[in-house]
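Trainee: Chains as they are written, first to last, in the working numbering: chain A, 771 to 1089; chain B, 86 to 236.
Just so you know, even glycine gets a beta-carbon here, dropped at the ideal spot from N, CA and C.
Here it is, the structure in full.
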Amino acid sequence: MEKIAENRTWQMFAPYVDRMDYVAAVSNGLGYCLAVEKLLGVEAPPRAQAVRVILTELNRIASHLLWLGTHALDIGAITPLFYCMRERELILNIYEKYCGARLTTHAFRIGGLQYETYDGFEKEVLHFCDIFEKKIDEYEELLTGNRIWQQRLKGVGILTAADCKEYGVTGPMLRAAGVKWDLRKAQPYSGYEKYEFEIPTGQNGDTYDRYLVRMQEMRQSVRIVRQAVSDIPAGPIMAKVGKVIKPPVGEAYVSIEAPKGELGYYVVSDGSTQPYRVRIRPPSFVNLQALDRMCRGALVADVVAIIGTTDIVLGEVDR
Amino acid sequence: MKELLRRIFLVDLIEGLRVTFRHQHPKQIVTEQYPFERPKIGERYRGAPRLNINPENGDTLCICCDLCALACPEQLIVVGWERNPETRKKELVTFTYDISRCMFCGLCEDACPVDALELTQDFEMASYTREGAILDRQTLEQGLLPTQYRW
């Protein structure tokens, strides 16, 4: 992936980043666009930013839903998978209507958006929020209080805050260890400072805490989406960017809070139409390093739970 | 004691099953019976490519500017054109589009200045051979047809 970037123009590489973390393609695209925009010194217009926030937060929900379904499936609860997929389908339908693809979306362009929102976009997103809030309660009803679920997860794969910092683990895994660190709050991008939300944290850093943190994160995402949808500013959706993108010589690093953790893009330009270097810091790859520490002293059966809870996507590990 | 009673009366199990049975209601069924029931596809869906023609006289809309071929990250579009010696205008001769390598990013569609190349809602693009995935001008203008076999 990083090598491919060196043989493509800046715009051409945008669809490739969707292939890294294919369950959260929109977040990947946002990170890349923000990095190139920083290099160019432009900022997306407010309307584009609001739509970007809505789509990335929906993507966070979609990613967490897929995680929840497969994680529960690994532990042995088969039912939640179908329910999670059903709700994820609603999000994917919104994507399909908005940008024409369900998974590898290529929703954002450098400098803003390519597509204007379709008719009834706000209504559909709000409709999803209404449905989804009830559904989270249902998942929790099925899993949170479940005795088997608790026995399989509590105290398994403990990763303390110190360990997390040592390994560079980010995202929900870090927050489950009790560290209140979220890039959306710590260094707001794309207008996240305008929205009210909380950073859910856990105490023990075990698998159960990570589960709870992700569930809370979905609720917070719904909250952000509601705020963003109710107030999408009018105006253009594309900043003034030429057809041929030629960033000045220089480098930029932008990191965003992807569903799995800190997703960073380090882009270097030599002044031509092609990137000189695109280095990607993927959250899955870094979080996977902690697997060894978490598995020490655990049963083989617990390893399944631990891998499930790190929420890795291998497309991103080997990007 | 309370824990024991919960275990004896299988309270957890019943609670879980209540959710399951609630979703058995016919209204809750969301499965699509695909070949019999056609899916509703978004208007902006990026599927099989199509080369638009002028509906009145059947001429191609393509002006052979080669922008789509330049915009494509996979370089899978080849535009073959000839300059007409009389009118000094470019005329489209061949147009190949290799969907086996296409990732449907839509950059070619965005690049086209005359909306000649378009990604349509057609999503059934399977073919029996690798060569079948390389679309020529005729297929692109007509749209993809299912492979017919003589029995």
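Helix, strand or coil for G1085 (chain A)? Go by DSSP, reduced to three states.
Mentor: Here G1085 (chain A) sits in helix by DSSP.
Trainee: Quick check on T145 (chain B): does DSSP put it in helix, strand or coil?
Mentor: In the structure shown, T145 (chain B) sits in a strand (DSSP, three-state: E or B).
Trainee: Assuming Q884 (chain A) and D200 (chain B) form a contact by the criterion Cβ under 8 Å, report the distance between their Cβ atoms to the nearest whole angstrom.
Mentor: Their Cβ separation, rounded to whole angstroms, is 15 Å, which puts Q884 (chain A) and D200 (chain B) out of contact at 8 Å.
Trainee: Can you grab the Cα-Cα spacing for the pair R993 (chain A) / T224 (chain B), in whole Å?
Mentor: Roughly 48 Å between the two C-alpha positions.
Trainee: Got a sec, what are the start and stop residues for the alpha helix (DSSP H) I918 (chain A) sits in?
Mentor: Note, I918 (chain A): alpha helix (DSSP H), R917 to L923.
Trainee: By DSSP's criteria, K267 (chain B) is part of a beta bridge. Which residues make up the other side?
Mentor: Any question about residue 267 (chain B) goes unanswered here, given that chain B covers just 86 to 236.
Trainee: Starting from L136 (chain B), follow its DSSP beta bridges and name the residues at the other end.
Mentor: Looking at the DSSP assignment, L136 (chain B) forms a beta bridge with B:L202.
Trainee: Interface residues of chain A around P158 (chain B) at Cβ under 9 Å?
Mentor: Those are I774, R778, T779, Q781, M782, F783, A784, P785 and Y786, listed as they occur along chain A.
Trainee: Interface residues of chain A around F189 (chain B) at Cβ under 9 Å?
Mentor: Those within 9 Å of F189 (chain B) in chain A are P785, G870, A871, T874 and H876.
Trainee: Take L98 (chain B) and list the residues in its own chain whose beta-carbon comes closer than 8 Å to its own, dropping the five residues that flank it on each side.
Mentor: Around L98 (chain B): no qualifying Cβ.
Trainee: Which value, in whole angstroms, describes the spacing of the CA atoms of T1023 (chain A) and A1009 (chain A)?
Mentor: According to the sequence shown, residue 1023 (chain A) is Tyr rather than Thr. Going from the Cα of Y1023 (chain A) to the Cα of A1009 (chain A) covers about 20 Å.
Trainee: How far does the alpha helix (DSSP H) with S737 (chain A) in it extend, from its first residue to its last?
Mentor: This structure cannot speak to residue 737 (chain A), because chain A is shown only from 771 to 1089.
Trainee: Does R858 (chain A) get closer than 9 Å to chain B when you measure Cβ to Cβ?
Mentor: Not an interface residue.
Trainee: Verify whether the separation of the beta carbon atoms of G191 (chain B) and G870 (chain A) is less than 9 Å.
Mentor: Yes, these two residues count as a Cβ contact at 9 Å.
Trainee: With H, G and I counted as helix, E and B as strand and the rest as coil, what does DSSP make of R1049 (chain A)?
Mentor: Strand.
Trainee: Distance, Cα to Cα, T849 (chain A) vs E911 (chain A)?
Mentor: Their Cα atoms are separated by approximately 12 Å.
Trainee: Which residues in chain A sit within 8 Å of T105 (chain B), going by Cβ to Cβ distance?
Mentor: Under the 8 Å cutoff, chain A gives T849.
Trainee: Return the CA-CA distance between M943 (chain A) and G975 (chain A), expressed in angstroms with no decimal places.
Mentor: Going from the Cα of M943 (chain A) to the Cα of G975 (chain A) covers about 7 Å.
Trainee: Tell whether a beta-carbon distance below 9 Å holds between R1089 (chain A) and M782 (chain A).
Mentor: Cβ distance not < 9 Å, so R1089 (chain A) and M782 (chain A) don't count as in contact.
Trainee: Should M86 (chain B) go down as buried or exposed, given a rule of 16 or more other Cβ atoms within 10 Å for buried?
Mentor: When all chains shown are included, M86 (chain B) counts as exposed.
Trainee: Taking 9 Å as the CB-CB cut-off, is H110 (chain B) touching chain A?
Mentor: It does not: the Cβ of H110 (chain B) has no partner Cβ on chain A nearer than 9 Å.
Trainee: What separation, rounded to the nearest whole angstrom, lies between the Cα atoms of E128 (chain B) and K867 (chain A)?
Mentor: Their backbone Cα atoms lie some 7 Å apart in a straight line.
Trainee: Return the CA-CA distance between L851 (chain A) and L102 (chain B), expressed in angstroms with no decimal places.
Mentor: Each residue's Cα considered, the two are about 15 Å apart.
Trainee: What residues from the stretch 174-200 of chain B come within 8 Å of chain A, judged by C-beta to C-beta, listed N to C?
Mentor: So the close ones are M188, F189, C190, G191, L192 and D195.
Trainee: What does R917 (chain A) touch in chain B if you count any residue whose Cβ is under 7 Å from its own?
Mentor: Within chain B, the residues near R917 (chain A) are D97.
Trainee: In the DSSP assignment, find the beta strand (DSSP E) that holds Y1035 (chain A) and state where it starts and stops.
Mentor: First-last of the beta strand (DSSP E) with Y1035 (chain A): G1031 to S1039.
Trainee: Applying the criterion that 16 or more other CB atoms from any shown protein chain within 10 Å of the CB defines a buried residue, is T179 (chain B) buried or exposed?
Mentor: It is exposed - the Cβ of T179 (chain B) has fewer than 16 other Cβ atoms within 10 Å.
Trainee: For a cutoff of 9 Å on Cβ pairs, would you count E903 (chain A) as touching chain B?
Mentor: Taking Cβ atoms only, chain B never reaches closer than 9 Å to E903 (chain A), which makes this a no.
Trainee: Use the C-beta contact count for E807 (chain A): other C-beta atoms within 10 angstroms, 16 or more gives buried, fewer gives exposed.
Mentor: Looking at its Cβ environment, which holds 16 or more other Cβ atoms inside 10 Å, E807 (chain A) is buried.
Trainee: Grab me the residues of Y888 (chain A)'s own chain with a C-beta within less than 7 Å of its C-beta, minus the 5 sequence neighbours each way, in chain order.
Mentor: For Y888 (chain A), where only same-chain residues beyond five positions count, the Cβ hits under 7 Å are K867 and Y868.
Trainee: Taking the continuous beta strand (DSSP E) assigned at Y1023 (chain A), which residues delimit it?
Mentor: Residues G1020 to A1028.
Trainee: Mind listing the chain A neighbours of Y119 (chain B)? Cutoff is C-beta to C-beta under 7 Å, in chain order.
Mentor: Chain A residues near Y119 (chain B): none, gap ~14 Å exceeds 7 Å.
Trainee: Judging by CA-CA distance, which residue of A:F1055, A:V823, A:S1039 and A:A1068 is the nearest neighbour of N777 (chain A)?
Mentor: Comparing Cα-Cα distances from N777 (chain A) to each of A:F1055, A:V823, A:S1039 and A:A1068, the minimum goes to A:S1039.
Trainee: Touch check for the stretch 920-939 of chain A and the stretch 820-831 of chain A: three-plus C-beta pairs under 8 Å?
Mentor: These segments do not touch.
Trainee: So which residues of chain B does L912 (chain A) contact, with C-beta pairs closer than 7 Å?
Mentor: Within 7 Å Cβ-Cβ: G101 and V104.
Trainee: Secondary structure at I219 (chain B), three-state DSSP: helix, strand or coil?
Mentor: I219 (chain B) falls in the strand class under three-state DSSP.
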